[in-house]
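Trainee: In my numbering, the protein residues as written are 797 to 912.
Even glycine gets a Cβ: it sits at the ideal position worked out from N, Cα and C.
1) Please classify residue 816 as buried or exposed, where buried requires at least 16 neighbouring CB atoms within 10 angstroms.
2) Are there 16 or more other CB atoms within 10 angstroms of the CB of residue 899, so buried, or fewer, so exposed?
3) In terms of alpha-carbon separation, which member of 802, 801 and 809 lies closest to residue 911?
4) Using 10 angstroms around the beta-carbon of residue 850, count the other beta-carbons present and answer buried if the total reaches 16, otherwise exposed.
5) Between which two residues does the beta strand (DSSP E) harbouring residue 866 extend?
6) Measuring only between beta-carbons, confirm whether residue 822 sits less than 7 Å from chain C.
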């Protein structure tokens, strides 16, 4: 599975932006897609995930501000990011989990910078 992300960039605090990620390759084995983020000097952490059936989960830090959605026909996952804070500044990585090995797939990260 290959993942191609787009979006991000520089945003002012309180603003919004969105990310998208399209999967290609063995997409039939994908069970869920989502986003991780990694701030400078920190570990990569789950931000939001969405299962094929539509159930989504969010990190506490983004719940109520970020919304994840998925277009199964286009194998594309979106992350709408609202009320952004400087602490949301991070490299965001698209993720897909597949039934086949290797289970975890990550795309190249896209940087989101939130200025205060």
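Mentor: A quick look at the data gives this:
1) By the Cβ-count criterion, residue 816 is buried, with 16 or more other Cβ atoms from all chains shown falling within 10 Å of its own Cβ.
2) Its Cβ having fewer than 16 others within 10 Å, residue 899 is exposed.
3) Put simply, of 802, 801 and 809 the residue whose alpha carbon is nearest the alpha carbon of residue 911 is 809.
4) Exposed, because fewer than 16 other Cβ atoms sit within 10 Å of the Cβ of residue 850.
5) From DSSP, the beta strand (DSSP E) with residue 866 extends over 862–867.
6) Considering every chain present, this structure includes no chain C. It has just one protein chain.
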